[in-house]
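Down below is the structure, laid out as structure tokens.
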Amino acid sequence: MIDESYNQFMKGKVCIMSEKYIWEDPKKVYINKEKGHTIMMPYDDADSALSGEESKYKHSLNGKWKFYWQRGMQQLPNGYETADFDDSSWDNIIVPGVWQTQGYSVPYYYASTFPRAFSRSRSKIPSIDHSMQEIGIYRRIFTVSDEWKDRDIFLHFGACKAALEVWVNGHYVGYSTGSMTPHEFEVTKYIKDGENTICAKVYRYAASTYLEDQDMWWLCGIYREVYLFAEPKQRIFDFYAKTDLDEEYRNAVLNIDYYLNNTDKQSKTLKLKSYLISDTGKTIELDDAVAEVKSQHTAKLSISNDIKNPKKWSAEQPNLYKLVMTLCDDKDNTICVKTFDIGFKKVEIVGEKILFNGVPMLIRGVNRHDFDMDNGWAVPRERYIQDLDLMKIGNVNAIRTSHYPDDPYFYELCNQYGFYVMDECDLESHGVRRKGVPGSNPLWTDLAVDKMERMVLRDRNYPCIFMWSLGNEAGDGDNFMKMKQAALHLDDTRQFHYEGDFDQTKSDVISRMYPSEEVMNKLGNREPITISLYDNIANQLAADSKPITAEMYNKPVILCEYAHSMENSLGNFQEYMDDFEKYDNMAGGFIWD
Numbered sequence: 007m008i009d010e011s012y013n014q015f016m017k018g019k020v021c022i023m024s025e026k027y028i029w030e031d032p033k034k035v036y037i038n039k040e041k042g043h044t045i046m047m048p049y050d051d052a053d054s055a056l057s058g059e060e061s062k063y064k065h066s067l068n069g070k071w072k073f074y075w076q077r078g079m080q081q082l083p084n085g086y087e088t089a090d091f092d093d094s095s096w097d098n099i100i101v102p103g104v105w106q107t108q109g110y111s112v113p114y115y116y117a118s119t120f121p122r123a124f125s126r127s128r129s130k131i132p133s134i135d136h137s138m139q140e141i142g143i144y145r146r147i148f149t150v151s152d153e154w155k156d157r158d159i160f161l162h163f164g165a166c167k168a169a170l171e172v173w174v175n176g177h178y179v180g181y182s183t184g185s186m187t188p189h190e191f192e193v194t195k196y197i198k199d200g201e202n203t204i205c206a207k208v209y210r211y212a213a214s215t216y217l218e219d220q221d222m223w224w225l226c227g228i229y230r231e232v233y234l235f236a237e238p239k240q241r242i243f244d245f246y247a248k249t250d251l252d253e254e255y256r257n258a259v260l261n262i263d264y265y266l267n268n269t270d271k272q273s274k275t276l277k278l279k280s281y282l283i284s285d286t287g288k289t290i291e292l293d294d295a296v297a298e299v300k301s302q303h304t305a306k307l308s309i310s311n312d313i314k315n316p317k318k319w320s321a322e323q324p325n326l327y328k329l330v331m332t333l334c335d336d337k338d339n340t341i342c343v344k345t346f347d348i349g350f351k352k353v354e355i356v357g358e359k360i361l362f363n364g365v366p367m368l369i370r371g372v373n374r375h376d377f378d379m380d381n382g383w384a385v386p387r388e389r390y391i392q393d394l395d396l397m398k399i400g401n402v403n404a405i406r407t408s409h410y411p412d413d414p415y416f417y418e419l420c421n422q423y424g425f426y427v428m429d430e431c432d433l434e435s436h437g438v439r440r441k442g443v444p445g446s447n448p449l450w451t452d453l454a455v456d457k458m459e460r461m462v463l464r465d466r467n468y469p470c471i472f473m474w475s476l477g478n479e480a481g482d483g484d485n486f487m488k489m490k491q492a493a494l495h496l497d498d499t500r501q502f503h504y505e506g507d508f509d510q511t512k513s514d515v516i517s518r519m520y521p522s523e524e525v526m527n528k529l530g531n532r533e534p535i536t537i538s539l540y541d542n543i544a545n546q547l548a549a550d551s552k553p554i555t556a557e558m559y560n561k562p563v564i565l566c567e568y569a570h571s572m573e574n575s576l577g578n579f580q581e582y583m584d585d586f587e588k589y590d591n592m593a594g595g596f597i598w599d
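With our numbering as the guide, the letters of the sequence shown map in order to residues 7 to 599.
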């Protein structure tokens with residue numbers, strides 16, 4: 007519930023509330039936000055869905071928005087969220103984009119010290135100086151197609167930092183945190199004929215920022231695509247495709263869970279038809295599924311099909327199949343069609359090796375930030391292509407999304423190009439990890455678990471992802487096990503990585519950063535690794551030196567960061583590669599930066 011003082015604040019009637027603002031409360035993760043799901047658009051028929059053209063049920067809101075920026079929580083322009091507010095004197099800003107590349111605010115490079123707005127006192131965390139908060143208000147007018155009548159309409163923000171509030175035609179829609187996964191709201195009841203007005207308020211800082219203190223440039227804004235989309239009253243909300251291979255890694259079983267929504271006033275009998283299309287145009291029919299879906303409910307339908315010797319997906323041979331999903335009513339009339347690329351694969355850990363389709367993996371990987379030199383986090387599509395082209399030339403076969411999920415387009419390209427992806431949760435707290443953030447503190451549980459769940463729900467159908475990462479440099483504690491358990495409930499086909507796992511109960515691999523040649527030999531020979539008095543002291547401050555006991559050597563070893571490549575670097579690289587090939591418990595690693 008939102009109290010009356012908060013409603014008054016949103017309407018611009020008061021300056022500062024006596025209690026905390028919503029963005030200061032880590033337990034307020036979102037309001038009215040849709041559940042996470044695979045990103046796919048509805049079409050009227052299979053021909054349209056397979057044409058490669060944009061769906062007529064998607065309306066882009068990219069481009070110029072009216073924009074107002076201020077520092078501090080003083081009085082905002084009165085009525086800024088209303089439809090009839092006069093924003094003609096406001097500046098224009100481009101969406102997607104960050105403020106700092108368009109003349110507002112300044113970038114901050116975080117290495118070890120938070121901006122002055124943040125308290126790092128254990129007793130005060132989370133605490134942000136109101137006078138140093140920054141607010142950006144975006145406004146835009148839009149219309150929707152007449153073909154969208156009698157459909158449910160949703161508003162999608164691909165990514166915003168650090169917290170977002172939204173109004174449509176003056177009506178409060180919702181609130182959201184989580185900077186690197188989508189913010190999605192249903193806005194059907196707020197849409198009217200003719201012109202509509204959307205207002206989005208972005209806060210540079212929030213309590214959630216304590217879990218987003220990655221060593222990188224700190225920027226903010228709305229920096230991934232924004233659009234409206236319209237769904238029928240009965241729709242394919244989501245799906246989850248699981249592939250398994252037999253002992254010879256030849257034949258496959260394809261298990262698919264479909265999630266069907268019915269927002270009509272009556273129950274509906276729905277049929278889900280689906281088939282696969284190979285890269286040569288070969289069609290593989292799949293079983294149908296039928297369910298009675300109650301009004302305002304979601305039904306789960308499951309099918310299982312044996313697939314004889316499908317082409318497998320790997321980084322070396324990235325074979326994809328187009329999954330075509332058709333939702334029909336009880337008279338077999340098509341309601342909508344959606345498609346998505348899937349791949350047949352099996353990832354497993356056998357002994358001390360990671361096997362991909364039965365073949366031991368040697369990760370020749372890099373860490374990659376989702377960043378463009380001109381546009382910051384608003385990465386143009388040609389930059390993704392340029393990056394991946396260069397990686398292929400450099401014999402790179404794997405990418406760690408350090409340290410947050412990337413734009414969906416990145417994963418689509420990795421599916422096509424052939425890259426193994428370690429998908430990393432947007433969770434890092436290295437500046438306050440010694441102060442129980444997130445640790446085992448229940449104050450941070452909901453936020454940490456939500457970050458993990460939304461990444462998995464959005465990305466679990468991409469075949470390129472071979473491993474989930476719980477985050478980076480955030481200490482250890484019960485919250486990481488809760489994140490892992492939540493993710494396993496959504497996807498049990500992949501393994502988990504977390505370098506900060508001190509007791510080796512959460513990570514399925516032994517992960518190390520920047521080991522010396524001496525330590526590499528100990529890891530390869532499965533020798534215990536102890537930490538010195540100096541290491542213990544450093545651990546109390548910022549480091550994460552971990553002992554490895556003999557009993558822990560039952561897992562593959564991965565270097566999640568090594569061979570730091572800034573400036574004059576990459577020393578001893580040949581020795582690292584020699585060790586990867588020499589020791590059979592080593593699976594390779596990811597060059598840093």
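All residues carry an ideal CB built from backbone N, CA and C; glycine is no exception.
Residue i, buried or exposed, once every other Cβ within 10 Å from all chains shown has been counted against 16
{"i": "GLU218", "result": "buried"}
{"i": "PRO562", "result": "buried"}
{"i": "MET222", "result": "buried"}
{"i": "ARG128", "result": "exposed"}
{"i": "HIS303", "result": "exposed"}
{"i": "ASN84", "result": "exposed"}
{"i": "GLU4", "result": "Nothing about residue 4 can be read from this structure; the chain reaches only from 7 to 599."}
{"i": "GLU190", "result": "buried"}
{"i": "TYR74", "result": "buried"}
{"i": "GLN323", "result": "exposed"}
{"i": "ASP585", "result": "buried"}
{"i": "ARG518", "result": "buried"}
{"i": "TYR390", "result": "buried"}
{"i": "ASN485", "result": "buried"}
{"i": "GLN491", "result": "exposed"}
{"i": "ARG387", "result": "exposed"}
{"i": "PRO534", "result": "exposed"}
{"i": "ALA556", "result": "exposed"}
Span separating the alpha-carbon of residue i from that of residue j
{"i": "GLU291", "j": "LEU282", "result": "6 Å"}
{"i": "VAL443", "j": "ALA123", "result": "18 Å"}
{"i": "ALA603", "j": "ASP250", "result": "The requested residue 603 is not part of the displayed model; the chain covers only 7 to 599."}
{"i": "ASP50", "j": "LYS317", "result": "29 Å"}
{"i": "THR44", "j": "ILE341", "result": "19 Å"}
{"i": "LEU494", "j": "PHE377", "result": "29 Å"}
{"i": "GLN80", "j": "GLY142", "result": "13 Å"}
{"i": "GLU587", "j": "GLU524", "result": "16 Å"}
{"i": "TRP173", "j": "THR183", "result": "16 Å"}
{"i": "ARG370", "j": "GLY595", "result": "6 Å"}
{"i": "ASN13", "j": "ILE28", "result": "Reliability fails at ASN13, whose pLDDT of 36 lies under 50, so the model's placement of it is uncertain and the value that follows must be treated cautiously. Those two C-alpha atoms are separated by around 11 Å."}
{"i": "LEU476", "j": "CYS431", "result": "5 Å"}
{"i": "LEU333", "j": "VAL343", "result": "6 Å"}
{"i": "LEU539", "j": "ILE471", "result": "39 Å"}
{"i": "ILE543", "j": "GLY481", "result": "15 Å"}
{"i": "ASN381", "j": "ASN68", "result": "15 Å"}
{"i": "VAL462", "j": "GLU192", "result": "21 Å"}
Chain-order list of residues whose beta-carbon lies under 7 Å from that of residue i (same chain, five-residue window excluded)
{"i": "ASN315", "result": "ARG256 and ASN257"}
{"i": "LEU329", "result": "ALA247, SER280, LEU282, THR345, PHE346 and ILE348"}
{"i": "GLN108", "result": "ILE99 and ILE100"}
{"i": "SER61", "result": "MET47, PRO48 and TYR49"}
{"i": "ILE131", "result": "SER125, TYR216, VAL438, LYS441 and VAL443"}
{"i": "TYR209", "result": "TRP29, GLN139, ILE141, ALA168 and ALA169"}
{"i": "SER301", "result": "ASN268, ASP270, LYS271, GLN272 and SER273"}
Same chain only: Cβ atoms within 8 Å of residue i, ignoring 5 sequence neighbours per side
{"i": "ILE355", "result": "LEU361, GLN501, ASP514, VAL515, LYS561 and PRO562"}
{"i": "LYS359", "result": "PRO366, MET367, PRO562, ASP590, ASN591 and ALA593"}
Other residues of its chain near residue i: CB distance less than 6 Å, five sequence neighbours each side excluded
{"i": "GLY78", "result": "SER137"}
{"i": "ASP413", "result": "ARG230"}
{"i": "GLY437", "result": "PHE120 and ASP219"}
{"i": "ASP135", "result": "ALA123"}
{"i": "HIS409", "result": "GLN220, GLU430, GLU434 and ASN478"}
{"i": "ALA404", "result": "ILE369, GLY371 and TYR426"}
Inter-stretch contact at 8 Å, needing at least 3 Cβ pairs: the segment 189-206 / the segment 111-125
Segments in contact, no.
What beta strand (DSSP E) runs, 3 residues minimum, are completely inside the segment 70-153?
Runs of the beta strand (DSSP E) lying entirely within the segment 70-153 and spanning at least 3 residues, in chain order: 97-101 and 140-148.
How do the segment 158-165 and the segment 89-97 stand: do at least 3 beta-carbon pairs fall below 8 Å, yes or no?
Flag = no, the segment 158-165 and the segment 89-97 do not touch.
Any chance you could list the beta strand (DSSP E) runs of at least 3 consecutive residues sitting entirely within the segment 513-599, in chain order?
The segment 513-599 contains these whole beta strand (DSSP E) runs: 516-519, 563-568 and 592-597.
Are the segment 381-398 and the segment 143-153 touching by the rule of at least three beta carbon pairs closer than 8 Å?
As far as the Cβ criterion goes, the segment 381-398 does not touch the segment 143-153, which means the pair count is below three.
Okay, do the segment 409-429 and the segment 257-268 touch, 3+ Cβ pairs below 8 Å being the bar?
As far as the Cβ criterion goes, the segment 409-429 does not touch the segment 257-268, which means the pair count is below three.
At least three beta-carbon pairs within less than 8 Å, the segment 482-499 to the segment 454-474:
With a cut-off of 8 Å, the segment 454-474 and the segment 482-499 count as touching, because enough Cβ pairs lie within range.
Please specify which runs of the beta strand (DSSP E), each continuous and at least 3 residues long, are wholly inside the segment 266-326, giving them in chain order.
Complete beta strand (DSSP E) runs here, min 3: 274-283, 289-291, 295-299 and 303-313.
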